[in-house]
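Engineer: What follows is a structure written as C-alpha cells; I'll ask about it next.
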Amino acid sequence: MSMNLLRLFSNRKASAPVARERLQILLAHERGLRGQPDLLATLREEILAVVSRHIQLDPEKVTVRLDRGPTVSTLEVDIEVPNGFEQTKVHADRRSGVG
Amino acid sequence: MAKVLVVTSGKGGVGKTTSTAALGAALAQSGESVVVIDFDVGLRNLDLVMGAERRVVFDLINVVQGVAKLQQALIRDKRLENLWLLPASQTRDKDALTDEGVGRIIAELRTKFDWVLCDSPAGIERGAMLAMRYADEAVIITNPEVSSVRDSDRIIGMLDSKTVKAEQGERVTKHVLITRYDPARAARGEMLSIDDILEILATPLLGIIPESQDVLRASNVGSPVTLNNAASAPARAYVDAARRLMGETVDMIVPSERRGLMNRLLGRRAA
C-alpha cells in the first residue's frame, strides 16, 4: 500500500516487471538456440552458394538479417550485385562451355 | 572427499573474486582446508583482494608448464593457516593454460584439500571454460540486473554441457548467489526481485549479499570481507552461504531496507 503511494508520488512506474518480461522472452528464445548451429550463418552460406551459381558475387555484400517480432519474425536477405550482372557469370560460363 | 567449486558468472564486475575470497575464508574459518585458484590469466586480482599480492612468486601457469612445483606456487593466507591461494599469471598469455595441465593440477589439489575454489574470469573464453571444466559444484554470481541474469543463464547452459561432469552424463550442482542486492531499490520495484531471478534461472539460491560499503572497504585493505568485518551484513551473508555449501540448512535472510529518519517520518515500510 505505502509502496504504491510512493510510486504514485514519485510519478514513476516500477521497471522491474518490464525487465522480468523482457528476460523471459529473450531467454526462452536463446535456450532454444543452444547447441544448434548458428542459423543465420548457415542461411547466409547456403543462399550465397545458390546465388553465386548464377551471378558473380562479392561475399562481403551479402547480408542476412533476422528480426524477431512478438508474433512474426522477418528474414531479410540483402544482396548487392554489380550492374550488368546478367552479362557476367552465366554468359561467361556459356561461352566457355561450362554452363 | 574434496569438492571442486567454480565461482562463475559470464558477466564481469558482478563480484566473482570478492565472493571467491569471502567464501574461501568462511569455509576455512569453519575448519575446512581450502585452496582458491585464480583463473584470470593476465588480469589476476584474487591475490590483491586477499592481500597476498606481494608474496606471489610462482603462478598457475608455471605449475601447468612444470616450471614450478605446486607446493612452491601455493601461498598460505596470513590469517588462516588452512587457506591457500594459487595465483594466476599476470604476464603470460591465457593460451598457456591447457585442459590437460589444469586437469592434472586439480587432481593433485583434490588429494590435499577439502575445497578447491576456482575463481573464473569473465566471459566464455578459454579461461572461463577451464575454470568450470573439472567442477563438481558451481556458484553462479548474479546481480539483480538484466544483463547479468542473461549471462548467468548462458553460463548455466555451459555448466550443463561443457564440463567433465556433464560429458559423463552427471550434473554439476549449481547454486545462484545474488550479490549487490539493494533492498530499497527492490522495494521500489526498480530492481529484479529475488523471486524473479530464481524463477528465470530455475536454479536454487545459495545466498543474497547486500550491496555494502564493507565489501569495498575489505578489498581496499586486502582482506576477505568475512574476515575484515565479520559482523557486517555481507560477511554474515557469505558465512551463511558457506554453511549451506557444507550441507547445513540455514534460514535465508533477505536483506531489508534500513529505515532512515525521513522514511520513518513518512511511515515508509521496509520491504
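Read top to bottom, the protein sequences are chains A and B. FYI, the numbering for the first sequence is 1 to 99, going by the working numbering. FYI, the numbering for the second sequence is 100 to 370, going by the working numbering. Note that beta-carbon positions come from the ideal geometry of N, C-alpha and C, so glycine has one too.
What residues in its chain sit with their C-beta under 8 Å from that of ASP213 of chain B, if we drop five residues either side in the sequence?
Structural biologist: Residue 213 of chain B sits at position 114 when you count from the first residue of the second sequence. Excluding positions up to five away in sequence, the list reads ALA101, LYS102, LEU126, GLU131, SER132, VAL133.
Engineer: Using a Cβ-Cβ cut-off of 6 Å (strictly less than) and excluding sequence neighbours within five positions of PHE157 of chain B, which residues of its own chain qualify?
Structural biologist: Residue 157 of chain B sits at position 58 when you count from the first residue of the second sequence. Contacts found: ALA167, GLN171, ALA172.
Engineer: Under 8 Å by Cβ, that's how I've got GLY123 of chain B and LEU182 of chain B pegged, so tell me the actual separation to the nearest angstrom.
Structural biologist: Here residue 123 of chain B is taken as the residue at index 24 of the second sequence, counted from 1. Here residue 182 of chain B is taken as the residue at index 83 of the second sequence, counted from 1. With 8 Å as the limit, GLY123 of chain B and LEU182 of chain B qualify as a contact, their Cβ atoms being about 6 Å apart.
Engineer: Apart from the five residues on each side of it in sequence, which residues of its chain come closer than 7 Å, Cβ to Cβ, to ARG368 of chain B?
Structural biologist: On the second sequence, residue 368 of chain B is found 269 positions in, with the first residue counted as 1. The predicted position of ARG368 of chain B is uncertain, since its pLDDT is 49 and thus under 50; a value taken from the coordinates is nonetheless stated next. Cβ within range, chain order: n/a, list empty.
Engineer: Over the uninterrupted beta strand (DSSP E) stretch that includes PRO309 of chain B, give me the two end residues.
Structural biologist: Translated into the one-based positions of the second sequence, residue 309 of chain B becomes position 210. Note, PRO309 of chain B: beta strand (DSSP E), 304-309.
Engineer: Rounded C-beta distance between GLY222 of chain B and LEU196 of chain B? I'm assuming under 8 Å.
Structural biologist: Position 123 of the second sequence, counted from the start, is the residue given in the question as residue 222 of chain B. Position 97 of the second sequence, counted from the start, is the residue given in the question as residue 196 of chain B. 14 Å between Cβ atoms; not a contact.
Engineer: Can you name the residues of chain B whose CB is closer than 8 Å to the CB of ALA16 of chain A?
Structural biologist: As a first step, residue 16 of chain A is located in the first sequence; it is residue number 16 there, counting from the start. Correct list: ALA285, GLY288, GLU289, MET290, LEU291, SER292, ASP295.
Engineer: Count the CB pairs spanning the segment 244-261 of chain B and the segment 137-155 of chain B that are closer than 8 Å, and state whether there are at least three.
Structural biologist: Touching, no.
Engineer: Buried or exposed for MET351 of chain B, going by 16 or more other Cβ atoms inside 10 Å?
Structural biologist: Position 252 of the second sequence, counted from the first residue, corresponds to residue 351 of chain B. Classification of MET351 of chain B: exposed, given that the 10 Å Cβ count is below 16.
Engineer: At a CB distance below 8 Å, what residues from the segment 261-286 of chain B approach chain A? Give them in sequence order.
Structural biologist: Here the close residues are ALA285, ALA286.
Engineer: Cβ of LEU104 of chain B within 8 Å of Cβ of GLU236 of chain B?
Structural biologist: The residue labelled residue 104 of chain B in the question sits at position 5 within the second sequence. The residue labelled residue 236 of chain B in the question sits at position 137 within the second sequence. Yes; because the gap between Cβ atoms is below 8 Å, this pair is in contact.
Engineer: Going along the chain, which unbroken runs of the beta strand (DSSP E) with 3 or more residues stay wholly within the segment 259-346 of chain B?
Structural biologist: Runs of the beta strand (DSSP E) inside the segment 259-346 of chain B: 272-280, 304-309.
Engineer: At a Cβ cut of 8 Å, what residues of the segment 24-57 of chain A count as close to chain B, listed as they run along the chain?
Structural biologist: Within the segment 24-57 of chain A, the residues whose Cβ lies closer than 8 Å to some Cβ of chain B are GLN24, LEU26, LEU27, GLU30, ARG31, ARG34, GLY35, listed in chain order.
Engineer: In the structure shown, what three-state DSSP assignment does VAL148 of chain B receive?
Structural biologist: Taking the second sequence and counting its residues from 1, the one referred to as residue 148 of chain B is at position 49. Helix.
Engineer: Is it the case that the segment 310-327 of chain B contacts the segment 21-40 of chain A, given that we only count it when at least three CB pairs across the two stretches are under 8 Å?
Structural biologist: With a cut-off of 8 Å, the segment 310-327 of chain B and the segment 21-40 of chain A do not count as touching, because too few Cβ pairs lie within range.
Engineer: Can you find the residues in the same chain that come closer than 7 Å, C-beta to C-beta, to VAL353 of chain B, ignoring five residues on each side of it along the sequence?
Structural biologist: For the purposes of this step, residue 353 of chain B is taken as residue 254 along the second sequence, with counting starting at 1. Closer than 7 Å at the Cβ level, and outside the excluded window around VAL353 of chain B, lie ILE293, ILE307.
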